[in-house]
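Student: In mature numbering (1 follows the signal peptide of the UniProt record, and there is no 0), the protein residues as written are -19 to -1, 1 to 713. Heads up, the beta-carbon is just placed ideally off N, CA and C, and yes, glycines get one too.
#1: Measure the C-alpha to C-alpha separation of residue 637 and residue 554 and round it to an integer number of angstroms.
#2: List the residues that DSSP assigns as beta-bridge partners of residue 703.
#3: Does the beta-carbon distance from residue 167 to residue 210 come in below 8 Å?
#4: Let's test the definition: count the other Cβ atoms within 10 Å of the Cβ of residue 565 and tell me whether it reaches 16, buried, or not, exposed.
#5: On the premise that residue 461 lies in contact with residue 446, defined as a C-beta separation below 8 Å, what is that separation, rounded to the nearest angstrom?
#6: Quick one: what does DSSP say residue 180 is sitting in, helix, strand or coil?
#7: Thinking just about the alpha-carbon of each residue, which of 61, 303 and 610 is nearest to the one in residue 440?
#8: Under the rule that 16 or more other beta-carbon atoms within 10 Å means buried, what is residue 645, buried or exposed?
#9: Going along the chain, which unbroken runs of the beta strand (DSSP E) with 3 or more residues stay wholly within the region 23 to 71?
#10: CB residue 50 to CB residue 69, shorter than 8 Å?
#11: Under the three-state reduction of DSSP, which class applies to residue 553: helix, strand or coil?
#12: Measuring CB atoms only, is the region 403 to 419 touching the region 368 to 385, in the sense that at least three cross pairs come out at less than 8 Å?
#13: I'd like to check one pair, residue 311 with residue 183: are the Cβ atoms closer than 8 Å?
#14: If we call anything under 8 Å between Cβ atoms a contact, is residue 713 one with residue 255?
#15: Between residue 90 and residue 178, how many whole angstroms is the CB-CB distance? I'm expecting something under 8 Å.
#16: What residue ranges within the region 630 to 691 form continuous beta strand (DSSP E) runs of no fewer than 3 residues, ordered along the chain?
#17: Under the rule that 16 or more other beta-carbon atoms within 10 Å means buried, what is residue 57, buried or exposed?
#18: What three-state label does DSSP hand residue 242 in the structure shown?
#19: Measuring CB to CB, does residue 699 end up less than 8 Å from residue 688?
#20: Quick check: the Cα distance between residue 580 and residue 340, rounded to an integer number of angstroms?
#21: For residue 724, name the three-state secondary structure that DSSP assigns.
#22: Distance, Cα to Cα, residue 180 vs residue 425?
#23: Give the range of the beta strand (DSSP E) segment to which residue 161 is assigned.
#24: Which stretch, first to last residue, makes up the alpha helix (DSSP H) that contains residue 296?
#25: Please list, in chain order, all residues of the same chain as residue 506 whose beta carbon is under 6 Å from its beta carbon, the five residues on each side excluded.
#26: Check whether the Cβ atoms of residue 155 and residue 18 sit closer than 8 Å, and answer yes or no.
#27: Taking the alpha-carbon of residue 270 as reference, which of 668, 467 and 188 has the nearest alpha-carbon?
#28: Any idea what DSSP makes of residue 723, helix, strand or coil?
#29: I'd like to know whether the C-beta atoms of residue 444 and residue 428 end up nearer to each other than 8 Å.
#30: Would you kindly work out how many angstroms separate the C-alpha atoms of residue 701 and residue 29, rounded to a whole number?
#31: Alpha carbons only, please: which of 456, 621, 420 and 620 is nearest the one belonging to residue 449?
#32: Indicate whether residue 552 and residue 277 have their beta-carbon atoms separated by less than 8 Å.
#33: Should residue 389 and residue 364 be called a contact, given that it needs their Cβ atoms to be closer than 8 Å?
#34: Please state whether the Cβ-Cβ distance between residue 430 and residue 409 is less than 8 Å.
#35: What's the C-alpha gap between residue 727 and residue 676?
#36: Is residue -10 buried or exposed, if buried means 16 or more other CB atoms sit within 10 Å of its CB?
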């Protein structure tokens, strides 16, 4: 009997495994017609097209088919991919926060389409639309493993219209094949789609994805098979000129900020997989200001890149190393510099090139070179900035990557020290991603070079993670040498050896209001090699998190910390304040709670209060935000960060307040008005940024921007400007 069962098992097991691994597929029919994009789907070709249907529920459960089904059909001709989508709904009470492009998907009604055009499970193009025809696009990198690999700053030309019917809505899309990159002669792409339906509180996907994985993970995709092989990419060359006029004044330094600039970019396609971007006198003055941050730590804070020139294939250059401690290339370093007074100021860029993309199925290449301007008055030399990256696909979804970074000044400057004339970093990263994303990780080693840099000039680490439904854990650690330098990178701190393991236990109740809850334990320990490996820092994080089926979230966290200060430090940042002494250790414990309300509601909010010891005193912190939606034209939001730091005499005690109200008004899908006010008494600044944008043609904009900044205490003006900027995307 046992022998018969064994024989039966050996026959059925391979069949079961094969059936589980066989992806869902549908055929994309070739047509010679041009389809009118109007959200009606009245062309006869839609009736004979195959469908990507039978969507699976992802939330609140991942064990059933979706209650509200979605039907996706695709056809293509020699130039364009057409997509027709029918989305069933309970009614027409849709959640549409605004009419502005590149909306955030969570908390409103929309659908997203992901195309892995090189079938590598690593990179994908995303196109999305909501019931009112508002569009968004994004680049997904690193296998869709987290927010850092989800870039919404990317823009590309495509068309889309939506129309609401009784019990469903239709999205009709036309994407030029030139907006993709793919291999000539390709017969299939990997594909998946995810949808948010707010009326039934359901998230669904075409390919079934476990809830312990991200909804945009590229590990879970099916196949879209083309009826005829794809031809050669005929991407036209694009010219993107700009004209920018600014009238302004710096009252703090009594300087005239008025100027008139012009320049532009060119985008040239090389083959089916490579892009060449050329820029001349680029205008990197963001019409959208950065969000202010209250910083009570000892370290610099990194902010995300928003400049379009750096966005395409940004993972090729910027995903090396450790985002927390040592990233060898951080593109925001280019275009800013330190003057003679160690103040951060804008440093103009003369021009540059960027070549990036796929060489073939297994190799990706990136080359970036930019020349910055000389500024002798502020003792800033002209620098050549070069980054070279090469990536080799390994196994199914992993890769081995090499990077070379060089910042070098060729001029002869009296104010420039010999040790600052050049800085180079060479490194290798292995990025691990298993087929089903159960195992992910990174292993890296980087070495820096500069004149008389010292022999502790390397950085390296490992990050190995296991992700399952009920148990997650990670073995993580890294080191940064005391002499490691990366002038074009982000190095949070040097001279450390760090261990950061974690373990999570997750539970998925079958009944009740909870959808998920889990416990996390994460100790972080840091040693200093130059101090005989003294343990100078540790932080033990313990937390419990719960997510409800009604989309509310709640969490409690406990922090046990120890900090040994090797330098004096004032956490309040008070100008001229008394600093905590060096060579002293502090033990402190604090607590924190967090609540996120249902973002589907007209009024939603989040709040995170915390209290506990802070060095030799106490700290009360209150973070939160709230938003009021008068859809689809108005969205009012308010961000709040309050820190009450109380230290014993003679050290500083301060109440640090950051308040950020914002008003977004979308008159239609082409005209937007946004006003952001930011008050920070830590930075002594009250800032106003009011921006009117008219997208008069695809990827072509006219901006009118008013910026005004004041000192908080005296309410005297710091700087003021009016900016009129015109950009136009011209295909040749």
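Tutor: Put simply:
#1: A straight line joining the alpha-carbon of residue 637 with that of residue 554 spans about 10 Å.
#2: The partner list for residue 703 (beta bridge, DSSP) reads 228 and 687.
#3: Contact flag set, yes.
#4: Under this definition residue 565 is an exposed residue.
#5: Contact doesn't hold; Cβ gap of about 21 Å is too wide.
#6: Coil.
#7: Measuring from the Cα of residue 440, the nearest candidate turns out to be 303.
#8: Burial call: buried.
#9: Here the runs fully enclosed are 37 to 40, 51 to 57 and 61 to 69.
#10: In this structure, the beta-carbon distance from residue 50 to residue 69 falls below 8 Å.
#11: Residue 553: coil per DSSP, three-state reduction.
#12: Yes: at least three Cβ pairs fall under 8 Å.
#13: No, they are not a contact pair.
#14: Contact: no.
#15: Correct: roughly 6 Å between the Cβ atoms.
#16: Within the region 630 to 691, the complete beta strand (DSSP E) runs of at least 3 residues are 635 to 647, 652 to 661, 666 to 678 and 681 to 691.
#17: Residue 57 counts as buried, since no fewer than 16 other beta carbons sit within 10 angstroms of its beta carbon.
#18: Assignment of residue 242 by DSSP, reduced to helix, strand and coil, places it in the strand class.
#19: Cβ atoms of residue 699 and residue 688: not closer than 8 Å.
#20: Cα-Cα distance, rounded: 43 Å.
#21: The shown model of the chain, from -19 to 713, leaves out residue 724, and the question about it has no answer.
#22: Looking at the two C-alpha atoms, the distance is approximately 46 Å.
#23: No beta strand (DSSP E) holds residue 161; DSSP gives it neither H nor E.
#24: First-last of the alpha helix (DSSP H) with residue 296: 295 to 299.
#25: Closer than 6 Å at Cβ, skipping near neighbours: 480 and 519.
#26: Contact flag set, yes.
#27: Of the listed residues, the one whose Cα sits closest to residue 270 is 668.
#28: Look at the range of the chain in this structure, -19 to 713, and you will see that residue 723 is not part of it.
#29: In this structure, residue 428 does not lie closer than 8 Å to residue 444 by Cβ.
#30: So the alpha carbons of these two residues sit roughly 60 Å apart.
#31: Closest option to residue 449, Cα to Cα, is 420.
#32: A Cβ-Cβ contact shorter than 8 Å links residue 552 with residue 277.
#33: Less than 8 Å separates the beta-carbon of residue 389 from that of residue 364.
#34: No, the Cβ-Cβ distance between residue 430 and residue 409 is not below 8 Å.
#35: Limits of the chain in this structure are -19 at one end and 713 at the other, which puts residue 727 out of reach.
#36: With a pLDDT of only 36 at residue -10, under the threshold of 50, the placement of this residue in the model should not be trusted; the figure read from the coordinates follows. Flag for residue -10 reads exposed.
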